[in-house]
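Numbering (the working numbering), first residue to last: 113 to 507. Heads up, the beta-carbon is just placed ideally off N, CA and C, and yes, glycines get one too. Structure first, then comments.
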Ligand code: PLP
């Protein structure tokens, strides 16, 4: 009667959502201030004032029919021009409006790009730990996801493991840096090595292998860490971007796809992106927020608050005996569970009202993800619970 595959996707909630729902129920029982919910990656820093100012000004002064009407399927040409000019200025590439497709966030950027590229039998490689929706997106495009483990010491790309994962069926690689859930920023050296392998494999197999850069956290980096712009390292690059985190607008659903002008037959790839957007019904992203974003390009939310949270949590947890990599970006801390089974550890943490996401679905068992996009005050209040949890494991 209906697609069993879709029923399964619709009813098996993600472990993150399950924990979040549990948290809401628990907050109703014992009070919101007593539950330390670190489950969701919902920005806790408000959008910069320019967003509200732009929205108010547009609503008060712009023609309503224009403001709420359809734009081009691929997004307003003026917005695409502005984004292209901004990227060119930042990264020294040469994009125009015709390289850009405006989307409803990074999720749509990814699903459209994957649909645009996939032919029967294709594989996409990503690196563990990875955003669990990649599997859903890749499989929905008709391809399969191949997972390459990262270096367990620092969660950088293990190029040896990666090279072995590339086959004649590899259509592309999805790279997410700064990373959800590890917070790791892939170093320039490792990017160069990865791109070298891709160049070699393209020659060996005689077809393009695309690098899909999923970068909703590009601007969320600390201590001056640089995130290499992949179009400058590899021609067959497609950037999937979102304003969800950089402008704290996850509910407004605005992002873009940028196809490198140096990609082989980029015009054909862009046409496939437009076709995939059409076939998925992802045409004309919300008009009002296309206009808002056009006035806020280059702005970000106050990242210093996330840095403060990172420092507070990382310093305290390592002092209590937890092991984790100090994240350079995004707003997640990826912590080794204090017992082998991260699900059991997460259940134990719940006894201390700590909601920590077990990371099995991120492809790295034995870890939990802590989203520190919460108030600094919540982190401060949670520290005794983290200490007590560590003590329960003899730390
Ligand atoms: N990719 C990664 C790595 C993410 O963490 C997220 C959201 O958390 C997305 C994509 C989806 O972003 P958006 O809300 O813009 O669709």
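Residue from the options with nearest C-alpha to residue i
{"i": "residue 333", "options": "378, 206, 214 and 420", "result": "420"}
{"i": "residue 287", "options": "273, 324 and 297", "result": "324"}
{"i": "residue 289", "options": "280, 193 and 268", "result": "268"}
{"i": "residue 422", "options": "413, 382 and 436", "result": "436"}
{"i": "residue 196", "options": "239, 369 and 493", "result": "369"}
{"i": "residue 248", "options": "504, 125 and 345", "result": "125"}
{"i": "residue 363", "options": "416, 134, 158 and 209", "result": "158"}
{"i": "residue 191", "options": "274, 276, 292 and 211", "result": "211"}
{"i": "residue 310", "options": "283, 181, 299 and 499", "result": "283"}
{"i": "residue 353", "options": "123, 200, 205 and 222", "result": "222"}
{"i": "residue 315", "options": "330, 340 and 278", "result": "278"}
{"i": "residue 304", "options": "146, 280 and 340", "result": "340"}
{"i": "residue 298", "options": "239, 322 and 194", "result": "239"}
{"i": "residue 395", "options": "409, 220 and 142", "result": "220"}
{"i": "residue 322", "options": "237, 390 and 167", "result": "237"}
{"i": "residue 152", "options": "127, 138, 164 and 172", "result": "127"}
{"i": "residue 414", "options": "430, 168 and 331", "result": "331"}
{"i": "residue 270", "options": "291, 140 and 306", "result": "306"}
8 Å Cβ cutoff met for residue i and residue j
{"i": "residue 253", "j": "residue 326", "result": "no"}
{"i": "residue 497", "j": "residue 464", "result": "yes"}
{"i": "residue 461", "j": "residue 495", "result": "no"}
{"i": "residue 425", "j": "residue 131", "result": "no"}
{"i": "residue 241", "j": "residue 475", "result": "yes"}
{"i": "residue 480", "j": "residue 454", "result": "yes"}
{"i": "residue 224", "j": "residue 402", "result": "no"}
{"i": "residue 473", "j": "residue 244", "result": "yes"}
{"i": "residue 230", "j": "residue 255", "result": "yes"}
{"i": "residue 343", "j": "residue 203", "result": "yes"}
{"i": "residue 228", "j": "residue 209", "result": "no"}
{"i": "residue 264", "j": "residue 471", "result": "no"}
{"i": "residue 345", "j": "residue 405", "result": "no"}
{"i": "residue 399", "j": "residue 183", "result": "yes"}
{"i": "residue 134", "j": "residue 409", "result": "no"}
{"i": "residue 383", "j": "residue 347", "result": "no"}
Neighbour-count burial assignment, residue i, 16 or more Cβ in a 10 Å radius
{"i": "residue 335", "result": "exposed"}
{"i": "residue 186", "result": "buried"}
{"i": "residue 440", "result": "buried"}
{"i": "residue 175", "result": "exposed"}
{"i": "residue 235", "result": "buried"}
{"i": "residue 482", "result": "buried"}
{"i": "residue 381", "result": "buried"}
{"i": "residue 349", "result": "buried"}
{"i": "residue 416", "result": "exposed"}
{"i": "residue 372", "result": "buried"}
{"i": "residue 129", "result": "exposed"}
{"i": "residue 246", "result": "buried"}
{"i": "residue 166", "result": "buried"}
{"i": "residue 262", "result": "buried"}
{"i": "residue 491", "result": "buried"}
{"i": "residue 337", "result": "exposed"}
{"i": "residue 367", "result": "buried"}
{"i": "residue 119", "result": "exposed"}
{"i": "residue 168", "result": "exposed"}
Expected contact under 8 Å - CB spacing of residue i and residue j to nearest Å
{"i": "residue 365", "j": "residue 216", "result": "4 Å"}
{"i": "residue 360", "j": "residue 155", "result": "4 Å"}
{"i": "residue 447", "j": "residue 434", "result": "5 Å"}
{"i": "residue 412", "j": "residue 487", "result": "The Cβ separation is near 19 Å, so there is no contact."}
{"i": "residue 451", "j": "residue 505", "result": "7 Å"}
{"i": "residue 444", "j": "residue 201", "result": "That belief does not hold up - the Cβ atoms of residue 444 and residue 201 are roughly 29 Å apart, past 8 Å."}
{"i": "residue 179", "j": "residue 170", "result": "6 Å"}
{"i": "residue 280", "j": "residue 317", "result": "5 Å"}
{"i": "residue 226", "j": "residue 205", "result": "Contact doesn't hold; Cβ gap of about 22 Å is too wide."}
Around the ligand PLP, what residues have a beta-carbon under 6 Å from a heavy atom of it, in chain order?
-> 153, 217, 218, 219, 243, 288, 292, 326, 328, 354, 356, 362 and 367
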